[in-house]
Amino acid sequence: MDFSLTEEQELLLASIRELITTNFPEEYFRTCDQNGTYPREFMRALADNGISMLGVPEEFGGIPADYVTQMLALMEVSKCGAPAFLITNGQCIHSMRRFGSAEQLRKTAESTLETGDPAYALALTEPGAGSDNNSATTTYTRKNGKVYINGQKTFITGAKEYPYMLVLARDPQPKDPKKAFTLWWVDSSKPGIKINPLHKIGWHMLSTCEVYLDNVEVEESDMVGEEGMGFLNVMYNFEMERLINAARSTGFAECAFEDAARYANQRIAFGKPIGHNQMIQENWR
Numbered sequence: 010m011d012f013s014l015t016e017e018q019e020l021l022l023a024s025i026r027e028l029i030t031t032n033f034p035e036e037y038f039r040t041c042d043q044n045g046t047y048p049r050e051f052m053r054a055l056a057d058n059g060i061s062m063l064g065v066p067e068e069f070g071g072i073p074a075d076y077v078t079q080m081l082a083l084m085e086v087s088k089c090g091a092p093a094f095l096i097t098n099g100q101c102i103h104s105m106r107r108f109g110s111a112e113q114l115r116k117t118a119e120s121t122l123e124t125g126d127p128a129y130a131l132a133l134t135e136p137g138a139g140s141d142n143n144s145a146t147t148t149y150t151r152k153n154g155k156v157y158i159n160g161q162k163t164f165i166t167g168a169k170e171y172p173y174m175l176v177l178a179r180d181p182q183p184k185d186p187k188k189a190f191t192l193w194w195v196d197s198s199k200p201g202i203k204i205n206p207l208h209k210i211g212w213h214m215l216s217t218c219e220v221y222l223d224n225v226e227v228e229e230s231d232m233v234g235e236e237g238m239g240f241l242n243v244m245y246n247f248e249m250e251r252l253i254n255a256a257r258s259t260g261f262a263e264c265a266f267e268d269a270a271r272y273a274n275q276r277i278a279f280g281k282p283i284g285h286n287q288m289i290q291e292n293w294r
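Oh and the sequence shown: position 69 is 78 in the working numbering, straight run, nothing missing.
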């Protein structure tokens with residue numbers, strides 16, 4: 010099996026590295042993280058250069074690319090020390106293409122193209138429902154032709170920065186208990202929504218939030234996918250997420266390795282770089 014890169018892939022990775030090293034030095038990301046500032050200039054640059062829209066069809070403002078190329082790009086962004094964990098633009102559009110309505114897909118694409126940021130946060134996790142999503146207690150009920158969502162979500166990434174949320178909510182009286190969950194498209198500025206950023210020991214560039222939903226009113230047309238299919242739709246997103254996280258983590262590991270190698274050649278102890286010591290050299294293998 011040939012694992013060598015194509016010429017196009019090599020050019021893409023070189024352009025990513027040039028973009029980041031030229032315009033976004035380590036100090037930029039360090040300042041953003043220290044100040045808890047979302048790096049909008051960085052995200053805008055990725056969008057303008059098509060990097061955050063790889064794999065998205067051209068009619069939605071993207072650039073066609075296979076999964077290998079997309080993962081290589083994420084690895085390269087991470088390897089440059091940049092926050093690749095922010096790049097979920099394509100993921101949002103792919104999900105809406107798979108199970109969203111035409112209007113939801115339009116909003117996702119337009120928001121992403123306008124801001125360079127992902128369009129929505131995934132509001133799944135609850136205080137009593139992490140990996141066990143089936144224990145989620147956020148509900149949706151119908152009254153007078155409207156739908157009302159009530160509950161609490163926690164550890165919601167990007168809830169403060171992104172304009173929309175996909176909220177997983179339970180039908181309190183489902184016809185089929187195996188199909189109790191439905192996804193709803195929710196504008197984050199709606200009345201009844203309270204968003205509280207959580208204090209964290211790291212990853213300060215993007216918020217992680219508690220989200221309270223108190224009688225949040227949505228329309229039937231805000232249902233994402235078929236009723237009762239919310240959990241299966243979420244699982245589709247998880248499949249992609251696992252692959253993406255592996256690519257990011259590999260890139261971050263390479264970045265850390267290169268930083269350590271650089272430090273080992275710069276740090277002088279007992280008159281020589283510590284990288285000359287046998288034990289450090291052995292650990293490099």
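Virtual Cβ for every residue (Gly too), placed ideally from N, Cα, C. Computed from a prediction, not measured in an experiment: that's the story for all the values here.
**Prompt:** Under three-state DSSP, which class holds T148?
**Reply:** In this structure, T148 counts as strand in the three-state DSSP scheme.
**Prompt:** If you draw a straight line from the C-alpha of S110 to the C-alpha of E228, how long is it?
**Reply:** Spanning the alpha carbons of S110 and E228 requires a straight line of approximately 13 angstroms.
**Message:** I need the straight-line Cα distance from K162 to V86, nearest angstrom please.
**Reply:** For K162 and V86, the distance between alpha carbons rounds to 30 angstroms.
**Request:** Would you decide whether E135 is buried or exposed? Buried here means 16 or more other CB atoms lie within 10 Å of its CB.
**Result:** With 16 or more Cβ atoms within 10 Å of its Cβ, E135 is classed as buried.
**Opening and closing residue of the beta strand (DSSP E) in which D223 lies** = That run of the beta strand (DSSP E) goes T217 to V227.
**Request:** Pick out whichever of Y129, L241, F240 and M84 has its Cα sitting closest to the Cα of A265.
**Result:** Cα-wise, what sits closest to A265 is M84.
**Asked** Do M214 and Y47 come within 7 angstroms of each other at the CB atom, strictly closer than that value?
**Response** For Y47 and M214, yes; Cβs fall inside 7 angstroms.
**Prompt:** Which runs of the beta strand (DSSP E), 3 residues or longer, sit entirely within the region 176 to 252?
**Reply:** Counting only runs that start and end inside the region 176 to 252, the beta strand (DSSP E) elements of at least 3 residues fall at 190 to 196, 202 to 206 and 217 to 227.
**Request:** Can you tell me which of the three DSSP states G64 falls into?
**Result:** Correct three-state label for G64: coil.
**Message:** What does the alpha-carbon distance come out to for the pair P73 and W193?
**Reply:** Roughly 28 angstroms between the two C-alpha positions.
**Asked** Under a three-way DSSP split, which group does N153 fall into?
**Response** Residue state, collapsed to three classes: coil.
**Asked** Grouping DSSP H, G and I as helix and E and B as strand, with all else coil, what is T163?
**Response** Looking at T163 - three-state DSSP - the assignment turns out to be strand.
**Request:** Give me the Cα-Cα distance between D3 and L175, rounded to the nearest whole angstrom.
**Result:** What the structure shows of the chain is the stretch from 10 to 294, and residue 3 is not part of that stretch, so it cannot be assessed.
**Asked** Taking the alpha-carbon positions, what's the E267 to N254 distance?
**Response** The straight-line gap from Cα to Cα measures roughly 20 angstroms.
**Request:** Assign L14 to one of three DSSP states: helix, strand, or coil.
**Result:** Look at L14 here: in three-state DSSP terms it is coil, with no helix or strand label.
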